[in-house]
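Reading the sequence shown from the start, the letters are residues 111 to 194 in the numbering used here.
Heads up, the beta-carbon is just placed ideally off N, CA and C, and yes, glycines get one too.
Shown next, in C-alpha cells, is the structure this report addresses.
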Amino acid sequence: LGRHVGHTVYPGLMVVAASAHWALNAVGIAVSVRTVCIYLAPVLSAATACACSFLATEVAGEGAGLFAALFMAVAPGYVSKSVA
C-alpha cells in the first residue's frame with residue numbers, strides 16, 4: 111500500500127529534512143521528523159516565492175516582483191508539491 115518513499119522522493123528533500131531536524135534539536139527545539147517534514151515544504155515554498163519576488167524586483171521593478179510572487183504562489187504544479 112502506498113509508495114516507496116525512498117525511491118520516489120528527491121534525495122535533497124530527505125537531506126534537508128534530516129538536517130533541519132538535527133539543527134532544531136541541537137538548539138533545544140524538540141520536534142519529530144514527521145513534524146519537520148510536514149512544515150518543511152510550505153516553508154521552502156514561501157522562501158522560493160520570496161526569492162522569486164526579490165529577483166523580479168531587482169530585474170524589472172516592484173510591480174514585477176509582486177506579480178512574480180503571486181504567480182509562483184498559485185502555480186498548480188508548485189502548489190501540489192508544497193501543501194502539507
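In this structure, V141 and L134 form a Cβ contact; the two beta carbons are roughly 5 Å apart against a cut-off of 8 Å.
Secondary structure in the stretch 132-183: no beta strand (DSSP E) run of 3 residues or longer lies completely within the stretch.
With a cutoff of 8 Å on beta-carbon distance, A161 and T167 are scored as not near each other.
Annotation: V119 is outside any alpha helix (DSSP H) and is labelled neither H nor E by DSSP.
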